[in-house]
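Have a look at the structure below, then the notes.
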Amino acid sequence: MFLPKIRELSEALRSLFSAPFTSKFPAKPHQPAQGFRGFPEYHEEFCVGCGTCAQVCPTNAIEVFNDLTTRKRTLRVDYTSCAQCGQCEEKCITGKGIQLSQKFDLSVADLKDDAVYNSVEKELAICEACGAIVACYDHLRFVKERLGAKAYANPNLLLITQQNFSEIPPSSIKDRLRREDYVKILCPKCRHKVVVIDEF
Ligand code: SF4
Ligand code: SF4
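Here the sequence shown is numbered in this note's numbering, starting from 3 and rising by one per residue.
This is the structure we're talking about:
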């Protein structure tokens with residue numbers, strides 16, 4: 003009868019003089035444990051702007067904005083919709099373009115506050131014939147690296163490689179697509195017209 007009481011008393015005394023197991027958050031910043039899955043963040047140097055992360059996000063927390071005027075693509079993750087599931091990180095084609103951080107606390111008065119977003123911006127390659135989006139330049143460079151020498155069979159990849167060595171003067175399409183337009187940045191539909199239909 004007395005023994006359990008003595009054990010409880012000794013445990014109470016021990017916990018009274020030992021360090022607390024809980025942190026003092028929010029009075030003091032909390033340092034999450036290693037491997038904690040917090041909000042994802044873009045890493046500009048590894049992201050190529052492919053948009054895969056937006057397609058796999060189960061909560062549609064990632065949006066893709068294409069601005070044809072400035073030729074920029076913006077990928078933006080909205081933390082108010084993010085479930086911290088890690089799908090975006092897992093399926094990222096470079097493996098490091100978006101990574102879960104240690105960030106977990108989100109306290110804002112206005113949901114339009116910049117703190118609830120994280121974004122990255124990439125330059126778009128535009129079809130020189132019809133103005134459609136081809137891909138982001140970084141994505142084309144990424145594909146080119148993966149293909150190695152085979153990349154030179156694709157005029158778009160050939161052109162972006164050539165840009166590394168010399169500046170390519172701006173070109174223009176005449177009244178319609180011709181065979182001479184083969185070596186231009188083209189979307190698949192216009193490439194099809196030049197290569198397959200071959201009506202010239
Ligand atoms: S962690 Fe999950 S929910 Fe959050 S942005 Fe990535 S895929 Fe979407
Ligand atoms: S490279 Fe990764 S982070 Fe960047 S858009 Fe593609 S999937 Fe998303």
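Yeah, the Cβ is synthetic: ideal placement off N, Cα and C, and Gly gets one too. This structure is a prediction, so every number in the text was calculated from the model and none was measured.
Per DSSP, cross-strand counterpart(s) of residue i
{"i": "ASP80", "result": "TYR119"}
{"i": "VAL66", "result": "LEU77"}
{"i": "LYS124", "result": "ARG75"}
{"i": "PRO42", "result": "LEU102"}
{"i": "CYS138", "result": "LEU126"}
Alpha-carbon spacing of residue i relative to residue j, whole angstroms
{"i": "CYS94", "j": "ALA56", "result": "10 Å"}
{"i": "GLY53", "j": "VAL66", "result": "7 Å"}
{"i": "ARG16", "j": "GLU92", "result": "44 Å"}
{"i": "SER12", "j": "SER20", "result": "12 Å"}
{"i": "TYR184", "j": "ASP140", "result": "22 Å"}
{"i": "LEU5", "j": "LEU18", "result": "20 Å"}
{"i": "ALA85", "j": "ASP115", "result": "19 Å"}
{"i": "VAL110", "j": "THR72", "result": "31 Å"}
{"i": "THR2", "j": "LEU102", "result": "As displayed, the chain neither begins before 3 nor continues past 202, which places residue 2 out of reach and without an answer."}
Residue i, buried or exposed, once every other Cβ within 10 Å from all chains shown has been counted against 16
{"i": "PHE144", "result": "buried"}
{"i": "PRO31", "result": "exposed"}
{"i": "ASP112", "result": "exposed"}
{"i": "VAL198", "result": "exposed"}
{"i": "PRO190", "result": "exposed"}
{"i": "PRO1", "result": "With the chain covering only 3 through 202, there is no way to say anything about residue 1."}
{"i": "LEU179", "result": "buried"}
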